[in-house]
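2 protein chains.
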Amino acid sequence: MLERDETATTSGRVTIRTVAAHAGVSVAAVSKVLRNAYGVSEALRGKVEAAIEALGYRPSRAARGLRGRTFTIGLLLVDIRNPFLPEIIDGVNGILAPSHYRAMIGVSEARIQLETSLIESMIDYKMDGLILIAPRLPSEIIARFAAQIPIVAIGYHDPDAKNFDTVNCNDQRGAAVAVEAFIERGYRKIGMLTLGSREGHRVSVVRQREIGYSEAMQMAGLGEAIDIHSIPVASPVREESLKAFLLRPDRPEAVFCWSDLDAITLLNMAAEMGIRVPEDLAVIGYDNSPTAALSLVNLASIDQSGHALGVLATETLLSRIEGRETHLAHSTAPSLITRRSLGRIAGLETGSRTTQNSSSQ
Amino acid sequence: MLERDETATTSGRVTIRTVAAHAGVSVAAVSKVLRNAYGVSEALRGKVEAAIEALGYRPSRAARGLRGRTFTIGLLLVDIRNPFLPEIIDGVNGILAPSHYRAMIGVSEARIQLETSLIESMIDYKMDGLILIAPRLPSEIIARFAAQIPIVAIGYHDPDAKNFDTVNCNDQRGAAVAVEAFIERGYRKIGMLTLGSREGHRVSVVRQREIGYSEAMQMAGLGEAIDIHSIPVASPVREESLKAFLLRPDRPEAVFCWSDLDAITLLNMAAEMGIRVPEDLAVIGYDNSPTAALSLVNLASIDQSGHALGVLATETLLSRIEGRETHLAHSTAPSLITRRSLGRIAGLETGSRTTQNSSSQ
DNA sequence: CAAAAAATGTAGAACGTTATACATAGAACG
DNA sequence: CGTTCTATGTATAACGTTCTACATTTTTTG
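See below:
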């Protein structure tokens with residue numbers, strides 16, 4: 006192993022100048038090799054690669070950001086507690102691992118100003134593209150940013166998106182799967198718990214799940230029994246609203262809940278109040294979170310395969326970065342994981358999966 | 006609002022040159038204002054700040070990385086599923102929100118090569134400092150990186166650390182708190198579940214909790230009853246080992262588990278096998294994860310306040326970045342959240358907290 | 001073989017900011 | 001008032017890489 010070259014900086018970092026001197030070629034030649042640019046002989050490539058190896062050279066991502074690519078994908082989260090995040094991130098990292106790309110995650114809150122500020126920061130870092138996970142931004146804001154940087158949104162249903170891509174589980178279908186499962190087991194009074202009016206727009210997964218619930222009920226001739234109970238976002242009125250639902254004299258016999266987070270809280274309260282699940286109230290959640298699978302919890306849930314969403318979003322973003330300009334909207338299929346909370350059929354101690362077909366636009 | 010200035014780049018981005026032209030001053034003057042450097046009059050500051058506001062200028066973090074600071078804190082995670090992560094991140098973001106700093110999170114795996122590669126990437130981004138959360142690296146590797154970039158480690162007990170800082174919950178004390186709680190309730194056959202030999206070094210939180218368990222048992226005159234059951238890291242032998250523990254004819258009457266993750270799995274299995282908790286087996290976990298608090302789960306747990314750890318680590322790192330060179334090792338106090346799994350005293354349906362003092366070196 | 005075309009490697013500027021040297025203006029002092 | 005000291009703002013190079021123009025070498029063609 007050679008000593009560090011004297012063309013290293015005063016801080017001791019090996020730079021492209023160091024490599025060029027070591028290989029006896031120009032700086033631009035080293036850059037061409039790094040970029041895999043046209044006009045590099047095999048002999049030159051060999052010399053440069055040997056020098057890079059010998060010196061342990063790593064390009065500065067910051068410097069690259071001034072002219073070329075940083076090989077960075079930004080992931081933007083508005084809720085670090087979203088239960089399907091680990092799977093998405095596993096999916097993303099699985100695709101990026103063999104490449105030069107690296108994912109960097111920024112955590113914001115569900116407020117337009119904070120989400121916007123985080124996206125701006127990611128642009129200032131010269132990231133090559135962004136994956137927004139369940140963003141709460143209006144479509145026009147996302148479109149404005151997409152004019153500056155490639156963007157893919159997960160968990161965001163915008164049928165009019167032109168300059169950014171979307172990757173979603175088919176949330177209407179997910180809700181319909183839940184309703185159908187209840188009906189198949191003989192339930193007719195089927196309600197839905199949804200999240201409050203802060204999430205009012207059609208792009209939101211919550212709204213899509215409501216639409217799916219309502220349409221499935223109507224298809225089944227149960228339009229008169231549609232019963233959507235809206236819970237507020239903020240604690241403690243959120244928990245109070247769940248309790249109020251449980252205390253209703255006209256409580257339905259089965260309920261589809263927009264997310265496992267609130268479904269699990271509901272199960273907890275039911276247990277504390279002596280309401281038997283599924284005998285007094287059958288429950289299906291959404292997300293198939295790890296907690297839902299605990300046999301102490303045993304919540305039936307719609308699974309949307311975060312891993313597949315992460316994989317698909319990353320592949321879609323990389324193709325955007327490579328120059329594709331036509332819009333893509335991917336839709337994956339939800340599946341029902343049946344567990345005890347669904348009830349009405351014996352032998353439901355272990356989860357089992359009912360699958361739908363997937364589709365892309 | 007003025008039109009975008011003609012000195013903007015061809016990509017349309019507002020740069021420091023644009024601001025300088027708009028304010029009628031030099032580029033270096035604008036830089037001095039941005040850096041809050043000495044030698045700026047109030048009049049100049051006013052002109053520059055007005056131009057920045059009018060043009061919506063944001064410095065390029067990539068360009069800043071070439072000479073100054075990017076105002077970026079890197080958070081490195083080896084396990085995105087670690088239940089106390091959301092609280093740590095809330096703590097970090099709470100401190101950074103009013104500043105120019107931004108946290109960027111990188112997710113790795115618990116393998117030396119991958120963790121090392123992620124740290125190198127963060128250095129290549131010219132991040133200003135790093136917080137390593139429960140790193141699995143040997144001390145010498147961390148120290149080598151700390152010679153290049155300010156580092157604070159959370160959940161890493163290295164009494165010999167010289168050039169990086171540590172912020173930990175007092176894990177020995179946490180284990181002792183659990184043992185003492187069992188003893189106070191009359192349990193004498195008290196075991197411990199720990200994580201396998203891959204985590205063999207003293208810096209590891211697992212090893213610290215073992216030490217705390219063993220010493221507390223000896224202090225209580227129960228040295229002969231020390232019983233540490235080691236479970237392997239990898240599934241499915243991990244779950245098999247937990248089941249083997251439950252099936253032991255000489256199973257202890259109470260068990261302290263190194264982490265909520267495995268404690269919850271244990272509770273699940275116990276429920277499936279008809280082992281009553283706490284009547285047949287009392288359990289205390291570690292981390293006070295949200296799942297532990299569900300009344301369907303109701304696991305007593307040692308709380309280490311991820312939020313406080315995040316706050317403390319961030320403050321410590323910022324002072325490192327500002328130039329402090331003396332080593333700091335912060336230790337916060339664990340507290341016991343009592344719940345039903347602990348047993349032996351009536352009226353334990355709601356969690357309550359037993360607190361210890363905190364200390365810093 | 002000569003001319004044309006293609007491949008190769010280099011020189012130099014660009015990217016957007018920071019840091020430093022220093023010219024100059026303004027303030028303080030005798 | 002002249003000299004010295006301090007504060008201010010500018011000019012310029014540095015930071016580490018990418019990109020492009022183009023000189024030169026090599027290959028292909030007639």
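Just so you know, the protein sequences line up as chains H and D, in that order.
Per the numbering used here, the first sequence starts with residue 6, numbered consecutively.
Per the numbering used here, the second sequence starts with residue 6, numbered consecutively.
Glycine included, every Cβ here is placed at the ideal spot set by N, Cα and C.
- Between alanine 139 of chain D and isoleucine 110 of chain D, the CB-CB gap reaches or exceeds 9 Å.
- Pairing glycine 196 of chain D with aspartate 308 of chain D, the inter-Cα distance amounts to about 20 Å.
- Secondary structure note for threonine 337 of chain H: its beta strand (DSSP E) is the uninterrupted segment 334-337.
- A Cβ-Cβ separation of about 5 Å places serine 235 of chain D in contact with glycine 201 of chain D under the 8 Å criterion.
- The beta-carbon separation of arginine 190 of chain H and leucine 286 of chain H, rounded to 13 Å, does not stay under the 8 Å limit for a contact.
- For the segment 269-287 of chain H, residues whose beta-carbon sits nearer than 7 Å to a beta-carbon of chain D comprise Ile269, Leu272, Asn273, Ala276 and Glu277.
- By the C-beta criterion, the segment 109-127 of chain H is judged to be in contact with the segment 70-87 of chain H, since at least 3 inter-stretch pairs fall below 8 Å.
- In the displayed model, leucine 286 of chain D falls within coil according to three-state DSSP, outside both helix and strand.
- Beta-bridge pairing by DSSP links alanine 305 of chain H to H:Ile289.
- With a threshold of 9 Å between beta carbons, tyrosine 291 of chain D makes no contact with chain H.
- Taken atom to atom, the span from the alpha-carbon of isoleucine 128 of chain H to that of isoleucine 154 of chain H is near 7 Å.
- Nearest to arginine 253 of chain D by alpha-carbon distance, out of D:Met278, D:Glu229 and D:Pro237, is D:Met278.
- Within the segment 98-117 of chain D, those residues whose Cβ lies closer than 8 Å to any Cβ of chain H are, in chain order, Asn98, Arg107, Ala108, Met109, Ile110, Gly111 and Val112.
- Chain-order list of chain D residues neighbouring isoleucine 85 of chain H: Leu90, Pro91, Ile94 and Asp95, by C-beta distance under 8 Å.
- At least one CB of chain D lies nearer than 9 Å to the CB of arginine 69 of chain H.
- If you ignore the 5 residues before and after asparagine 98 of chain H, its C-beta comes within less than 7 Å of the C-beta of Ala108, all in its own chain and listed in chain order.
- Near chain D, meaning a CB-to-CB distance below 8 Å, the residues of the segment 301-331 of chain H are Leu301 and Val302.
- Within 10 angstroms of the beta-carbon of lysine 167 of chain D lie fewer than 16 other beta-carbons, which makes it exposed.
- Assignment of alanine 158 of chain D by DSSP, reduced to helix, strand and coil, places it in the strand class.
- With respect to the C-alpha of arginine 193 of chain H, the residue from H:Ala34, H:Thr337 and H:Pro257 having the closest C-alpha is H:Pro257.
- A straight-line Cα-Cα distance of about 5 Å links isoleucine 78 of chain H and glycine 134 of chain H.
- With a 10 Å radius around the Cβ and a threshold of 16 neighbouring Cβ atoms, glutamate 327 of chain D comes out exposed.
- Taking the beta carbon of proline 155 of chain D as reference, no residue of chain H falls within 9 Å; the closest one sits roughly 14 Å away.
- Of D:Ala180, D:Leu323, D:Ala338 and D:Leu123, the smallest CA-CA separation from valine 157 of chain D is found for D:Leu323.
- Taken through DSSP and simplified to helix, strand or coil, leucine 142 of chain D comes out as coil.
- Against chain D, the beta carbon of lysine 131 of chain H has neighbours under 9 Å at Ser65, Arg66, Ala67 and Ala68, listed in chain order.
- Taking CB atoms only, leucine 123 of chain H has a neighbour in chain D less than 9 Å away.
- In the DSSP assignment, histidine 27 of chain D falls within the alpha helix (DSSP H) that extends over 21-28.
- With contacts defined by Cβ atoms closer than 9 Å, glutamine 177 of chain H and isoleucine 231 of chain H do not form a contacting pair.
- Among the CB atoms of chain H, one or more fall inside 9 Å of the CB of threonine 296 of chain D.
- Neighbours of threonine 75 of chain D across chain H, judged by C-beta separation under 8 Å: Ala67 and Tyr130.
- Within the same chain, and ignoring the five residues on either side of serine 104 of chain H in sequence, no residue has its Cβ closer than 7 Å to its Cβ.
- Beta-bridge partners of isoleucine 195 of chain D (DSSP): D:Ala259.
- With a 10 Å radius around the Cβ and a threshold of 16 neighbouring Cβ atoms, alanine 180 of chain H comes out buried.
- Sequence-distant partners of alanine 221 of chain D (beyond 5 residues in either direction) whose C-beta falls short of 7 Å from its own C-beta, in its chain, are Ala180, Ala181, Val184 and Glu185.
- Among the bridge pairs identified by DSSP, serine 235 of chain D is matched with D:Thr199.
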